[in-house]
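Structure record follows, encoded as structure tokens.
There are 2 protein chains.
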Amino acid sequence: MPASGGMPPGEFRESGHRFIDWVADYLAGIDDYPVLSRVQPGEVRDALGREAPQGGETMEALLRDFEAVVVPGITHWNHPAFFAYFAISGSGPGILGELLAAALNVNAMVWKSSPAATELEEVTLDWLRSFLGLPPDFVGTINDTASTSTFSALAAARERALPEARERGLARAPPGRVYTTAEAHSSVLKAAHALGLGREGARVVPTGPLRGMDPAALADAIDRDVTSGVRPLAVVTTIGSTSINAVDPVGAIAEVADERGIWLHVDAAYAGVAAALSAMAPHFAGWERADSIVINPHKWLFTPVDCSVLYVRDPAALRAAFSLTPAYLETGEQGVTHLMDHGLALGRRFRALKLWFVMRYFGQRGLRAHLARHVALARRLAERIDGEEEWERWRPTPFSLVVLRHAPPGVRGARRDALNLALMDQVNRSGTAFLAQTVIDGETWLRFAIGNIHTRAEHVDATWKALRDAVRAVAAD
Amino acid sequence: MPASGGMPPGEFRESGHRFIDWVADYLAGIDDYPVLSRVQPGEVRDALGREAPQGGETMEALLRDFEAVVVPGITHWNHPAFFAYFAISGSGPGILGELLAAALNVNAMVWKSSPAATELEEVTLDWLRSFLGLPPDFVGTINDTASTSTFSALAAARERALPEARERGLARAPPGRVYTTAEAHSSVLKAAHALGLGREGARVVPTGPLRGMDPAALADAIDRDVTSGVRPLAVVTTIGSTSINAVDPVGAIAEVADERGIWLHVDAAYAGVAAALSAMAPHFAGWERADSIVINPHKWLFTPVDCSVLYVRDPAALRAAFSLTPAYLETGEQGVTHLMDHGLALGRRFRALKLWFVMRYFGQRGLRAHLARHVALARRLAERIDGEEEWERWRPTPFSLVVLRHAPPGVRGARRDALNLALMDQVNRSGTAFLAQTVIDGETWLRFAIGNIHTRAEHVDATWKALRDAVRAVAAD
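Protein chains in written order, with this note's numbering: chain P, -11 to 465; chain U, -11 to 465.
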């Protein structure tokens, strides 16, 4: 009998059971860990050897060091009081899906290199598309992160708007430009820069009072640019911005983009899954008119990182950007997809498996129930904040991110900013919760991001109480 | 007690044990699967539902469908007679490392978001660097694939060579160019195109008889380009090309690049790990002079996909390309690394964990023994081929890839190409092995890539016999 992955089969089985028990215990006891790691810089590094061992070690020794050295250096994204960045969840079926994907270890670069990996990706992304109410002409591809998905979409947009750059490069083409707002994710600027457009290649369009893009200002910016010889490549809108969950009026912006034949991208990496809730429909009005949409199941759909989905209406545009062979030279099986042609990476992990497991294990009803529960927890917190005179909430709270600050009378400007950071640090250092800050118009606010599958009302309430209690502790310092 | 990842803790534990048993049985019985999947296009798709289920399903049902629908559509990269592309291995410790990474579900974007994920990546890549005999000034980052690593390196090279493009974009800068050979991986052209250099942005430099880059031709190409106003960005060399394992004379090329101040990149995605074998040193002469090197532990170091390592001598060059904040504005903890600034993706899986497990479980001696064993199997096969009058081997065979063809007297050109493809198809369709083809000077050869951890002499011998037996079968058709 052959060794299992270079390990005697009995050893793999026995170690595997030990590791599953560790994970089961870890997840069941997650409440007892401090959320934010307490290690100092260099502490983990110093606890590890300076060279790989010469001789092999046992899985028991590895697990022991994992527990002793790695786990204390972990910030527990699984903790139900992880409210920083966006709260995410691996979920049981997602974790076991990753186990099988790692065991199969296939590469979904071309159809033949594992037909099931390509076709399961196509089917599962069609399920997700339908779950979100998007029309059937959107075709999905899984990437690692939203940064990569947005990069791919903008690469396709560049190819469409500047076909002359295909052979000769951008140096001999007119300058290209992407339009977005100050609320957009940093990955938009990163992508524009990587694509050779430079920092001037992304123009920040003014927003309205709720920080949504102003369609008239967009039209004006584009038309002025065209007059001065700039080639508009794409408009990048956001539904649920990272900082405050701002929502661009995508329908009105689609009008502007359509009239001018410009690629429309929607970044709904976090909030996109909320489209499955009918009550959320107004936030998504018009998104079905986009050329591309990014949604991350690894954010708010209980799927382990990494799993970012890029939907495009015209996959040939992606192939134009990334395939090295023109379509008429393609060979081999008819009617199959080679997913390597949809992005930069040639090698592709079998990421669809975990998403398929998650969608089947929870079912559409179960997924909607978890999403609705998170939205309800956010509303409940919003009401509590609104009931406190010395606390403010950034409005609106469209999804499950609540943005708040302590604003006692007479405390303003830098003093108020410092006060809120001190409150946040007090809570984070306690280990009972983890919050992050943001800046709106130069002023500091706190982000309370709900979205972990383990989070219940008691975790939200306890953290909200901890914040208020911190006021006294900070005042006493 | 909270639910484990949205699943009752008892259910996670029980399902986890079932899944581990499935993986253990699968790996122990891998020889019995057909290597290449036999499904027809659309077969997997048609066996799956058209919508996600409304209600949730059990893990038992998921595992049942996984076995019935997914596994028959898998091409088994774990199979010891998988000799196509490059043979890879997940390995037991790697698979269990991925299980823990999926369970922790952390994001190594900034240090604080899980200090252990950042520091373990730094330490493990330093172990690997030392194992490969590279000097300590190389700093590593894990990316998904070599395509991404090469893209990142070339983005850094572009930033260095064309600083004026940072603000204003490439449209107002001189054309940039990358130098490589026809042996280079397609990802080099893909990266150059994505970076806005166009197809003309990659120049193919002539090679010598063994398909290594000709340093004099390189110097000439660069100097002529400079005279005509082109800005040279980078030279991309390869140690162990995908098609035939060609090796560029990196030392001589480093001279040319150094004299001209041009970024030198080495693509050693597959063969790089062989630098750990002292007998292989001549192939790597001069690679320590590179600005960047890519090595994929997910290819030939028994680590599940994805895990590609980019080593750079000057990480500030990566940050210049990808960090949105200038270094002097960086905030927070001192002396820590924010790995999101080393590439396009903001979110980053905890990929170092599996590599740390692999390096510790096998130890340096164990890893070297597996690599040396694969090289020896390739030499053994090479000798057998050389002993057969009607078979040819492409020479040399520097690592563990053997390139061969059947060349009976009087059969040439298109007839010989068709004959070799027929032999390959015969073997691949039998399910006992999986080989791929390549084209050298317009002629078809077969690639016999050894590198899976389960592969033993009997698998190589049986496949070599199957190829020779296929000659009779094909002749009889």
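Built from N, CA and C at the ideal position, the CB exists for glycine as well.
Going by beta-carbon coordinates alone, are V166(U) and V224(U) separated by less than 7 Å? Here residue 166(U) refers to the residue found at position 178 of the second sequence. Here residue 224(U) refers to the residue found at position 236 of the second sequence. Yes, these two residues count as a Cβ contact at 7 Å.
Report the CB separation of A205(P) from P197(P) in whole angstroms; it is logged as a contact under 8 Å. One-based indexing of the first sequence puts residue 205(P) at position 217. One-based indexing of the first sequence puts residue 197(P) at position 209. Actually they do not touch by this definition, with Cβ atoms about 13 Å apart.
According to DSSP, what are the bridge partners of V282(P)? The residue labelled residue 282(P) in the question sits at position 294 within the first sequence. Paired residue(s): D255(P), L298(P).
To the nearest angstrom, how far is it from the Cα of N95(U) to the Cα of L332(P)? Within the second sequence, residue 95(U) is the residue found at index 107, counting from 1. Within the first sequence, residue 332(P) is the residue found at index 344, counting from 1. Rounded to the nearest angstrom, the two C-alpha atoms are 21 Å apart.
Could you round the C-beta distance between E39(U) and W344(P) to whole angstroms and report it? I think they count as a contact, below 8 Å. Counting from 1 along the second sequence, the entry for residue 39(U) is found at position 51. Counting from 1 along the first sequence, the entry for residue 344(P) is found at position 356. At roughly 13 Å, the Cβ-Cβ gap does not stay under 8 Å, so E39(U) and W344(P) are not in contact.
Those runs of the alpha helix (DSSP H) which lie wholly inside the segment 7 to 91 of chain U and span at least 4 residues: 31 to 35, 47 to 53
State yes or no: is the beta carbon of P41(P) nearer than 7 Å to at least one beta carbon in chain U? Sequence index remark: in the first sequence, residue 41(P) carries index 53 (1-based). Cβ-Cβ to chain U under 7 Å: yes for P41(P).
Using a threshold of 7 Å, state whether the C-beta atoms of W251(U) and A145(U) are closer than that. Walking along the second sequence from the start, residue 251(U) turns up at place 263. Walking along the second sequence from the start, residue 145(U) turns up at place 157. Yes; because the gap between Cβ atoms is below 7 Å, this pair is in contact.
Could you tell me whether any Cβ in chain U is nearer than 7 Å to the Cβ of T136(P)? On the first sequence, position 148 is the one that residue 136(P) refers to. It does: the Cβ of T136(P) has a partner Cβ on chain U nearer than 7 Å.
Proximal chain P residues relative to T133(U), where beta-carbon distance stays under 7 Å: The residue you call residue 133(U) lines up with position 145 of the second sequence. Result: A333, L334, G335.
Counting only runs of 4+ residues fully inside the segment 133 to 195 of chain P, write out the alpha helix (DSSP H) ranges in chain order. 134 to 149, 153 to 156, 174 to 182
Any C-beta of chain P under 7 Å from that of T451(U): Within the second sequence, numbered from 1, the residue matching residue 451(U) stands at position 463. No, T451(U) does not count as interfacial toward chain P.
Given a cut-off of 7 Å on the beta-carbon distance, is the pair P386(P) and H271(P) in contact? One-based indexing of the first sequence puts residue 386(P) at position 398. One-based indexing of the first sequence puts residue 271(P) at position 283. Result yes, Cβ atoms of P386(P) and H271(P) sit closer than 7 Å.
Proximal residues of chain U, C-beta to C-beta of V94(P) below 9 Å: The residue you call residue 94(P) lines up with position 106 of the first sequence. Those within 9 Å of V94(P) in chain U are I62, T63, H64, W65, N66, V293.
Residues of the segment 69 to 95 of chain U in Cβ contact with chain P at a cutoff of 9 Å, in chain order, please. A72, Y73, I76, S77, G78, S79, G80, P81, G82, I83, L84, G85, E86, L87, L88, A89, A90, A91, L92, N93, V94, N95
Suppose you measure from the CA of S311(P) to the CA of G82(U); what does that come to, to the nearest Å? Counting from one through the first sequence, the residue named residue 311(P) turns up at place 323. Counting from one through the second sequence, the residue named residue 82(U) turns up at place 94. So the alpha carbons of these two residues sit roughly 31 Å apart.
Looking at the strands, I want to know which residues DSSP matches up with A222(P). Working through the first sequence from its first residue, we reach residue 222(P) at position 234. Paired residues: V166(P), W251(P).
State the beta-bridge partners of V433(P) as determined by DSSP. Here the question's residue 433(P) lines up with position 445 in the first sequence. Note that residue 433(P) is Trp in the sequence shown, not Val. DSSP lists T426(P) as partners of W433(P).
Quick one: using the 10 Å Cβ neighbour count with 16 as the cut-off for buried, is G217(U) buried or exposed? Within the second sequence, the letter at position 229 stands for residue 217(U). Classification of G217(U): exposed, given that the 10 Å Cβ count is below 16.
Limits of the beta strand (DSSP E) - the one that G128(P) falls within: Position 140 of the first sequence, counted from the first residue, corresponds to residue 128(P). It spans 127 to 131 - the beta strand (DSSP E) in which G128(P) sits, taken as one unbroken run.
E155(P) classed as buried or exposed, judged by whether at least 16 other C-beta atoms fall within 10 angstroms: For the purposes of this step, residue 155(P) is taken as the residue at position 167 of the first sequence. Exposed: under 16 other Cβ atoms inside 10 Å.
If contact means a Cβ-Cβ distance below 9 Å, which residues of the segment 422 to 452 of chain P contact chain U? I441, H442, R444
To the nearest angstrom, how far is the alpha carbon of G78(P) from that of V293(P)? Taking the first sequence and counting its residues from 1, the one referred to as residue 78(P) is at position 90. Taking the first sequence and counting its residues from 1, the one referred to as residue 293(P) is at position 305. Straight-line Cα distance between these residues: approximately 7 Å.
Burial state of T168(P), where buried means 16 or more other Cβ atoms lie within 10 Å: Numbered from its first residue, the first sequence carries residue 168(P) at position 180. Buried is the call here.
Selected residue, minimal CA-CA separation from A521(U), among A245(U), L183(U), S3(U): Since the first residue of chain U shown is -11 and the last is 465, residue 521(U) is not available in this structure.
Taking all protein chains shown into account, do 16 or more other C-beta atoms lie within 10 angstroms of the C-beta of V111(U), making it buried, or fewer, making it exposed? Looking up residue 111(U) in the second sequence gives position 123. Counting Cβ neighbours within 10 Å, V111(U) comes out buried, since at least 16 surround it.
Identify the contact partners of G44(U) in chain P, using a Cβ-Cβ distance below 8 Å as the criterion. To locate residue 44(U), count along the second sequence from 1; it is residue 56. Going along chain P in sequence order, the residues near G44(U) (Cβ under 8 Å) are R348, Y349, F350, G351, R353, G354.
Using a Cβ-Cβ distance cut-off of 7 Å, determine whether M412(P) contacts chain U. On the first sequence, position 424 is the one that residue 412(P) refers to. It does not; no Cβ of chain U falls within 7 Å.
Alpha carbon to alpha carbon, how far is A458(P) from V399(P)? In the first sequence, the residue the question calls residue 458(P) occupies position 470. In the first sequence, the residue the question calls residue 399(P) occupies position 411. Going from the Cα of A458(P) to the Cα of V399(P) covers about 16 Å.
Backbone secondary structure at R307(P) - three-state DSSP: As a working mapping, residue 307(P) is identified with position 319 in the first sequence. Helix.
Residues of the segment 200 to 225 of chain U in Cβ contact with chain P at a cutoff of 8 Å, in chain order, please. none
Run through chain P and tell me which residues come within less than 9 Å of D9(U), C-beta to C-beta. For the purposes of this step, residue 9(U) is identified with residue 21 of the second sequence, where counting begins at 1. Under the 9 Å cutoff, chain P gives R1, G4, H5.
Euclidean distance between Cα positions of V300(P) and P237(P): For the purposes of this step, residue 300(P) is identified with residue 312 of the first sequence, where counting begins at 1. For the purposes of this step, residue 237(P) is identified with residue 249 of the first sequence, where counting begins at 1. V300(P) and P237(P): Cα-Cα distance of roughly 20 Å.
Interface positions of the segment 265 to 288 of chain P facing chain B (Cβ-Cβ less than 7 Å), listed along the chain: Given the protein chain composition of this structure (P and U), no chain B is represented.
In angstroms, rounded to a whole number, what distance separates the CA positions of R361(U) and G(-2)(P)? Your numbering for residue 361(U) matches position 373 in the second sequence. Your numbering for residue -2(P) matches position 10 in the first sequence. Each residue's alpha carbon lies about 23 Å from the other.
Using CA coordinates, which residue listed in R339(P), D374(P), L289(P), A454(P) is at the minimum distance from A75(P)? By 1-based counting over the first sequence, the position of residue 75(P) is 87. Answer by Cα proximity: L289(P).
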